[in-house]
Every structure is written in structure tokens, then in C-alpha cells.
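Visitor: So that we are looking at the same thing, I have put the structure below in C-alpha cells.
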Amino acid sequence: MRNDLLAYITVLSAGLVIPANIQYTEYDDGSEYFREGARNGYQVIDQTLTPTGFSGDENTDWKNVSRSKLP
Numbered sequence: 001m002r003n004d005l006l007a008y009i010t011v012l013s014a015g016l017v018i019p020a021n022i023q024y025t026e027y028d029d030g031s032e033y034f035r036e037g038a039r040n041g042y043q044v045i046d047q048t049l050t051p052t053g054f055s056g057d058e059n060t061d062w063k064n065v066s067r068s069k070l071p
């Protein structure tokens, strides 16, 4: 499920509402997968390199393709 489609995950048994990971928005162009978001004070765009993708390791399964300092 895409991160930008979830705002909250409701945990009914505990009566808690826990924010979902909305740090990134994921998208694809039909053959390549990307995510855009904020990380460590930077606006970033990352791209997957392997089928493991963003669940894997940086520079092995995914790489950063753009980074700019947030104000």
C-alpha cells in the first residue's frame, strides 16, 4: 500500500491511533520505482536498484538520486 494513501493505522484492541509512515511518497514511471520525502533535514528522491528496493540497504538495493537542504 502506498504511504501517501495512509494517514493513520487504528489499533482497535488498544484503542490507539498510530500515525503511519508518511515520511515518503512512493511512485513509479512504469518500470522504475522512486520515493520522495524528507530525511535528516534534506528533501530527497531515492530510486530502487533491486527487487528488494526500499526494504533493503542504501547503495545496494536503493540509491539517493537527489538531495537538497530544507530551509
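For the sequence shown, the UniProt record's numbering assigns the number 1 to the initial residue and increments by one for each residue that follows.
Glycine is no exception: its CB is placed at the ideal position from the N, C-alpha and C atoms.
Could you spell out where the beta strand (DSSP E) holding S31 opens and where it closes?
Guide: Counting from 1 along the sequence shown, the entry for residue 31 is found at position 31. It is not in any beta strand (DSSP E) - S31 carries neither H nor E in the DSSP assignment.
Visitor: Would you list the one or two residues that DSSP bridges to T25?
Guide: Here residue 25 refers to the residue found at position 25 of the sequence shown. BP columns for T25 point to E36.
Visitor: On the DSSP letters alone, give me the boundaries of the beta strand (DSSP E) that S66 sits inside.
Guide: Locating residue 66 in the sequence shown gives position 66, counting from the first residue. Unbroken beta strand (DSSP E) run through S66: W62 to K69.
Visitor: Select from G37, F34, L49 and S68 the residue whose C-alpha is nearest the C-alpha of T60.
Guide: Working through the sequence shown from its first residue, we reach residue 60 at position 60. Measuring from the Cα of T60, the nearest candidate turns out to be L49.
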